[in-house]
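Visitor: My questions will all concern the structure given below.
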Amino acid sequence: MNPATPDCPVRRIAPPVADLPDETLLAGLCAGDGKLTAAFVQRFQAKVYGVAMAVTADPGVAEDIAQQALERAWQHGRTYDPRRGTVAAWLAAIARNLAIDANRIRRPVLLDAADLVARVVAGDSPEARAVAGETASELIAALRELPPEQARAVVLAGIGGLTASEVAQNEGIPLGTAKTRIRTALHRLRAALVDAGADHG
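Just so you know, we're using numbering that gives the first Met the number 0 here: the sequence shown kicks off at 0 and counts up by one.
What follows is the structure, encoded as structure tokens:
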């Protein structure tokens with residue numbers, strides 16, 4: 000019998016859940032699909048945490064906000080419009096707005112620089128790899144020397160794993176400005192770290 004006949008249809012093999020598009024995972028989250036929900040959380044949890052961390056500078060608050068952002072995605076996922084941006088950018092905007100609201104009702108907490116460094120160098124983004132391997136104390140000092148807008152951009156990219164386009168959307172700045180801030184911050188970090196290494200030589 001020909002396996003392609005209707006009596007014996009060809010079975011299509013579904014791609015692994017981890018390879019599914021963001022929009023499919025979001026739809027699965029909204030539908031209550033356990034596997035797709037777990038995959039959605041795994042894909043975006045670190046990103047929304049990074050955005051919240053960059054805005055609040057408080058690990059505990061950032062964790063709460065990340066959880067709230069994922070819950071908002073579940074509650075309002077059907078309102079997502081792909082014509083207005085990616086799922087990642089939409090979710091990052093939710094996290095950023097929640098973080099801004101949290102900052103309005105709490106006293107700012109200074110970020111533990113050692114925690115920031117640990118999270119940056121533990122990431123898998125190009126920004127994280129660019130500074131990986133340096134000593135924590137040198138990186139802390141270099142980060143403290145950056146202008147706030149550059150530090151925020153590189154943190155959003157390094158910790159949050161956002162693309163330059165997503166950083167631009169979250170910061171409300173042109174894409175070119177976001178790219179410049181990230182690139183300039185990385186250049187200054189590298190220069191400061193090279194100088195620190197020379198001082199130790």
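For each residue, glycine too, the CB sits at the ideal point set by N, CA and C.
Which of the three DSSP states, helix, strand or coil, is assigned to TYR48?
Guide: If DSSP states are grouped into helix, strand and coil, TYR48 belongs with the helices.
Visitor: Going by beta-carbon coordinates alone, are ALA56 and ALA94 separated by less than 9 Å?
Guide: No, these two residues do not count as a Cβ contact at 9 Å.
Visitor: Could you name the residues of the same chain whose beta carbon sits closer than 6 Å to that of LEU24, not counting the 5 residues immediately before and after it, in chain order?
Guide: LEU35, ALA38 and PHE39, listed in sequence order.
Visitor: So within the segment 14-86, which uninterrupted alpha helix (DSSP H) runs reach at least 4 residues, ignoring any that extend past its ends?
Guide: With a minimum length of 4 residues, the continuous alpha helix (DSSP H) runs that stay inside the segment 14-86 are 21-30, 33-55 and 58-75.
Visitor: Between which two residues does the alpha helix (DSSP H) holding GLU170 run?
Guide: Per DSSP, GLU170 belongs to the alpha helix (DSSP H) from 163-170.
Visitor: Given a cut-off of 9 Å on the beta-carbon distance, is the pair LEU161 and VAL50 in contact?
Guide: Going by C-beta atoms, LEU161 is nearer than 9 Å to VAL50.
Visitor: Around the Cβ of GLN41, are there at least 16 other Cβ atoms within 10 angstroms (buried) or fewer (exposed)?
Guide: Burial call: exposed.
Visitor: Within this structure, are the beta carbons of ALA156 and LEU188 separated by less than 9 Å?
Guide: Result no, Cβ atoms of ALA156 and LEU188 do not sit closer than 9 Å.
Visitor: Rounding to the nearest angstrom, what Cα-Cα distance links CYS29 and LEU97 in this structure?
Guide: Roughly 20 Å between the two C-alpha positions.
Visitor: I'd like to know whether the C-beta atoms of VAL47 and ALA91 end up nearer to each other than 9 Å.
Guide: Contact flag set, yes.
Visitor: For ALA65 versus GLU137, is the C-beta spacing smaller than 9 Å?
Guide: No, Cβ-Cβ distance for ALA65 and GLU137 is not below 9 Å.
Visitor: Taking C-beta to C-beta, are TRP201 and ARG82 nearer than 9 Å?
Guide: Because residue 201 is not part of the residues shown, which for the chain are 0 to 200, the question remains open.
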